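Chemist: Those sequence lines, one after another, are chains A and B. Each residue of the first sequence is one higher than the one before, counting from 1 in UniProt numbering. Each residue of the second sequence is one higher than the one before, counting from 1 in UniProt numbering.
Protein chains: 2
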Amino acid sequence: MRPNQPSLTPAGEVKRAQPPTLRDVAEAAGVHAATASRALNPSTRRLVSAETARRVIKAAKTLGYQPNPIARSLKTAKSSTVGLVIPDLTNPLFPPIVRGIEDVLEAEGFSAWIVNTDNDPERERVRIDSLRSRQVEGLIIATARVDHPFLEALHEQGVKMVLVNRRVENLEVPYVTADDATGIALAVRHLADLGHRRIAHLAGPQGTSTGVVRSRAFRHAIRDHGLEDDPSLIVECARWNEADGATAMRELLDKDDRFTAVVAGNDLIALGCYDVFAERGISCPDEMSVVGFNDMPFIDKLRPPLTTVGVPHHDIGAEAARMLLDCIEEPERRPRSLLLPVTMVVRDSTTHPRPLPSP
Amino acid sequence: MRPNQPSLTPAGEVKRAQPPTLRDVAEAAGVHAATASRALNPSTRRLVSAETARRVIKAAKTLGYQPNPIARSLKTAKSSTVGLVIPDLTNPLFPPIVRGIEDVLEAEGFSAWIVNTDNDPERERVRIDSLRSRQVEGLIIATARVDHPFLEALHEQGVKMVLVNRRVENLEVPYVTADDATGIALAVRHLADLGHRRIAHLAGPQGTSTGVVRSRAFRHAIRDHGLEDDPSLIVECARWNEADGATAMRELLDKDDRFTAVVAGNDLIALGCYDVFAERGISCPDEMSVVGFNDMPFIDKLRPPLTTVGVPHHDIGAEAARMLLDCIEEPERRPRSLLLPVTMVVRDSTTHPRPLPSP
DNA sequence: GCGTGGACTGCAAACGAGTGCGGGCTATCA
DNA sequence: TGATAGCCCGCACTCGTTTGCAGTCCACGC
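(1) Extract the residue ranges of the beta strand (DSSP E) inside the segment 196-251 of chain A, only unbroken runs of 3 or more that lie entirely within it.
(2) Take the Cβ of A:Leu40 as the centre, count every other Cβ of all protein chains shown within 10 Å, and call the residue buried at 16 or more, exposed below.
(3) According to DSSP, is A:Pro353 helix, strand or coil?
(4) Looking at C-alpha atoms only, which residue of B:Asp129, B:Val164, B:Thr308 is the closest neighbour of B:Gln157?
(5) Closer than 8 Å, CB to CB, is A:Arg23 near chain B or not?
(6) In the DSSP assignment, find the unbroken alpha helix (DSSP H) run with A:Ser130 in it and report its ends.
(7) Would you give the residue range spanned by the alpha helix (DSSP H) that residue 374 of chain B belongs to?
(8) Hey, A:Asn241 and A:Leu202: beta-carbon distance below 8 Å or not?
(9) On the DSSP letters alone, give me the boundaries of the alpha helix (DSSP H) that B:Ala65 sits inside.
(10) Using 8 Å as the Cβ pair cut-off and three pairs as the minimum, do the segment 160-171 of chain B and the segment 316-325 of chain B touch?
(11) Whose C-beta lies closer than 6 Å to the C-beta of B:Leu338 among residues of the same chain, with five residues either side of it excluded?
(12) Could you list which residues in chain B have their beta carbon closer than 7 Å to that of A:Val98, in chain order?
(13) If distances are taken between C-alpha atoms only, which option among B:Arg216, B:Ser80, B:His313 comes closest to B:Val136?
(14) Once DSSP output is grouped into helix, strand and coil, what is the label at B:Ala53?
(15) Please classify B:Met161: does DSSP put it in a helix, a strand, or coil?
(16) Any C-beta of chain B within less than 9 Å: which residues of the segment 254-282 of chain A qualify?
(17) According to the Cβ coordinates, are A:Thr117 and A:Pro87 closer than 8 Å?
(18) Could you pull out every residue in the same chain whose Cβ sits closer than 8 Å to the Cβ of B:Phe218, ignoring the five residues on either side in sequence?
(19) Which one of A:Ala112, A:Arg134, A:Gly265, A:Asn119 has the shortest CA to CA distance from residue 376 of chain A?
(20) Return helix, strand or coil for A:Ala77, following the three-state DSSP convention.
(21) Ordered along the chain, which non-local residues of its own chain (more than five positions away) have a Cβ less than 7 Å from that of B:Pro359?
(22) Using 8 Å as the cut-off, can you tell me whether the segment 296-313 of chain A makes contact with the segment 299-309 of chain B, which would need three or more C-beta pairs spanning the two stretches below that distance?
(23) Do A:Leu171 and A:Leu154 have their CB atoms nearer than 8 Å?
(24) Does the beta carbon of A:Glu13 sit closer than 8 Å to a beta carbon anywhere in chain B?
(25) Is A:His190 closer than 8 Å to A:Thr351 when the C-beta atoms are compared?
(26) With 8 Å as the threshold, decide whether the Cβ of A:Ile316 is near any Cβ in chain B.
(27) At which residues does the beta strand (DSSP E) containing B:Met344 begin and terminate?
(28) Taking the alpha helix (DSSP H) that A:Ala35 falls in, what are its first and last residues?
(29) On a CA-only basis, which of A:Pro20, A:Pro95, A:Arg54, A:Pro69 is nearest A:Pro312? Give me that one, please.
(30) Can you check whether the C-beta of B:Lys301 is within less than 8 Å of a C-beta belonging to chain A?
(31) Please state whether the Cβ-Cβ distance between A:Asp179 and A:Pro353 is less than 8 Å.
(32) Could you tell me the alpha carbon to alpha carbon distance between B:Pro69 and A:Cys237, rounded to whole angstroms?
(33) Run the CB neighbour count on A:Ala248, radius 10 Å, all protein chains shown included, and call it buried at 16 or more, exposed below.
(34) Mind checking which residues open and close the alpha helix (DSSP H) that includes A:Ile114?
(35) Can you give me the C-alpha to C-alpha distance between A:Ala33 and A:Val56, rounded to a whole angstrom?
(36) CB-CB under 7 Å to B:Arg258, same chain, minus the five flanking residues each way: which ones, in chain order?
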């Protein structure tokens, strides 16, 4: 039945190609499987004598015994596994976060199942259900929207989770995000220092907390610096990508030609601006300054290198993972969230505004 | 003991918060668990009467029954899981491949464990061991080197695997790669057509099949077009990244200033060239043309947009996954490999050579 | 009327590890 | 010497599912 049948030794016993099991170890050490189990598990080792523990451990090592995590999970109802829910892995924002998460999980003996939702709620539901049926012990979620009933339902069912990059309104769930408000304030100050007075904002989707926080911070910063406070200078992008960034930029240019700088909701939206500049022959930064957000990999290689707000992606992932592990270990702890510091990364997409042509 | 204790109904029975099990379904349908199992599994459903199958399925649906994959794996020794071994997820080459893999796996009810090796052999060994102990049914490997004893050992132990982007010498293991040789031939022809006669090559590491195949194809193409065949124009990069690409480019420029174009082993190496151009005030493409390889995301946004060889990353992943599933389903089939077609993507980093300054 | 066969279904034993419980042994003390 | 406590260790069951085997029931044919 099995492709490679167990071969018979001359003595007639079956030589198993299968990896050794706990019983094999026990037998080799001359003890019962239960004893072997206790000897191998540090937290129960005190229940066996030092001598037998030593024998069992040695036998395990010589046999190359590896505990079967599936059997262990079945018995303990713990999987040492968490789910990681992101919109799309090919968005360069996420790989560094994922690495941060995995680096922490790995150190604790955990692993992550990654699922992509493509921002489709139905797909998200299906994929999360599948994660839960795989007995994940918690979820790290990067797809949260401001109003997200499904996540609320999960939370009420007691599913442990941590949000990254996003928050959900009225939901007592820990989150880890960059300090978006400060980042935007830094960006606006940078432009104001350069002399810009009329600054536009291509806001991210207002269905995401990130979009809301950043655009609110933008309005505050404009007022704090006494800059031109014109609501029509704020346009919302439907999604966080280049195409929608370009669309918003075109809309903005069509109705107003007097602003000299743009704060983009994130780097991809800034990329969309670049596309429109190319279309319309606008030179950046001479005619228009742009600031992005995130400092994505390779964004420094663009034409021109993008001035942006640097975000500690790896740390965001790492902190989120650590926080989720904390929640798993002590379920009674109350949620604690984290805002990670950002930095202003000045490159070549921003400069002094060109004096307006005299009329 | 358990944090949320099972609550008691007025009747005194225990209301379990736990998800329903197969026995619950069986009980609800008035049959034995074995029968329920057969009814729920399409391939054994013919063993039970249509009527009971209907009852069981209905009961499962009303209870919201989800089979426990852990218990199933323990019994069947199949995990519906494969391992995916890559050097580093933050290399933009991999996310599209990963998506291709997951799209196929998901459709077949499989999932992937992703591990990053950072090209460290020891780390690779540990991570693959951990995958195996998690009972993965096969591996997709993107970290293969030309000489890779560990992979050979795995293969001899009967571990099913598929290589992506790479091959291993003398190893009968299926692989899926881009048609590297044709890609390089296209790149050289493109430069030859533009009038370049003296073309350099920043080869990838010769410890990887990709590096070997591409540099061999480069030498062939140079001869086929009757171009200047100077071995000193080929420099090997230690790794496939920007820093090593830049190092190689500096070395090349220091010893020869008469070549007018470079074929980079991949896009990241080409990025390294860009850095050196900036350092030394060389203008691209006016003074030096560059061709990359892979057509990474966002590489079209560079200064200047990179001419490169387009590779169907998503398809590579998808085909590799399909191939692995085939190997799992019919272990006796002989290995079959795949070379996927590439395309020439001409952008602005290549142009006619500038006539050499008259002496 | 009895044997035969086919169609279902239940029983019980697995898969590999973890764990409450009890039994055996030794040491200690009266 | 006998009772007791304490330390180790093994027995047996459990997690949820699959599956070989055996049994039941009914219909059919000789």
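Ideal placement from N, C-alpha and C gives every residue a C-beta, glycine not left out. Computed from a predicted model, the values in this text were never measured in an experiment.
Modeler: Taking the structure as given:
(1) With a minimum length of 3 residues, the continuous beta strand (DSSP E) runs that stay inside the segment 196-251 of chain A are 199-203, 234-236.
(2) Per the 10 Å Cβ criterion, buried.
(3) When DSSP states are grouped into helix, strand and coil, A:Pro353 belongs to the coil group.
(4) Nearest option by C-alpha distance: B:Asp129.
(5) Answer no: the Cβ-Cβ gap between A:Arg23 and chain B never drops below 8 Å.
(6) Counting along the chain, the alpha helix (DSSP H) containing A:Ser130 begins and ends at 121-133.
(7) Past the edges of chain B, shown from 1 to 359, lies residue 374 of chain B, and the structure says nothing about it.
(8) The answer is no: Cβ separation not under 8 Å.
(9) In the sequence as displayed, the identity of residue 65 of chain B is Tyr instead of Ala. No alpha helix (DSSP H) contains B:Tyr65, which DSSP labels as neither H nor E.
(10) Yes, the segment 160-171 of chain B is in contact with the segment 316-325 of chain B.
(11) Counting only Cβ-Cβ distances below 6 Å, and skipping sequence neighbours, we find Val176, Glu319.
(12) Per Cβ cutoff of 7 Å: Leu89.
(13) Taking only the C-alpha atoms, the option nearest B:Val136 is B:Ser80.
(14) The answer is helix: DSSP assigns B:Ala53 an H, G or I state.
(15) In this structure, B:Met161 counts as strand in the three-state DSSP scheme.
(16) The segment 254-282 of chain A vs chain B, Cβ under 9 Å: Leu271, Tyr274, Asp275.
(17) Yes, Cβ-Cβ distance for A:Thr117 and A:Pro87 is below 8 Å.
(18) Around B:Phe218: Ile184, Val188, His201, Ala203, Ile234, Val263.
(19) Residue coverage of chain A in this structure runs from 1 to 359, which leaves residue 376 of chain A outside it and unanswerable.
(20) The answer is coil: DSSP assigns A:Ala77 none of H, G, I, E or B.
(21) Residue confidence for B:Pro359 is low, a pLDDT of 44 falling below 50, so the modelled location carries little weight and cannot support an answer.
(22) These segments touch.
(23) With contacts defined as CB atoms closer than 8 Å, A:Leu171 and A:Leu154 fail to qualify as a contacting pair.
(24) Interpretation of A:Glu13 is limited by its pLDDT of 37, a score under 50 that renders its predicted location unreliable; no figure is taken from the coordinates.
(25) Not closer than 8 Å, so no.
(26) Cβ-Cβ to chain B under 8 Å: no for A:Ile316.
(27) B:Met344 -> beta strand (DSSP E) spans 343-345.
(28) A small correction: the amino acid at residue 35 of chain A is Thr; Ala does not occupy that position in the sequence shown. Judged by DSSP secondary structure, A:Thr35 falls within the alpha helix (DSSP H) whose first and last residues are 33-40.
(29) Looking at the Cα atoms, A:Pro95 is the closest of the given residues.
(30) Yes, because at least one Cβ of chain A sits closer than 8 Å to the Cβ of B:Lys301.
(31) Not a contact, by the Cβ cut-off of 8 Å.
(32) Their Cα atoms are separated by approximately 41 Å.
(33) Its Cβ being crowded by 16 or more others within 10 Å, A:Ala248 is buried.
(34) DSSP places A:Ile114 in no alpha helix (DSSP H) but in the uninterrupted beta strand (DSSP E) bounded by 111-116.
(35) Each residue's alpha carbon lies about 10 Å from the other.
(36) Only Arg198 meet the Cβ criterion.
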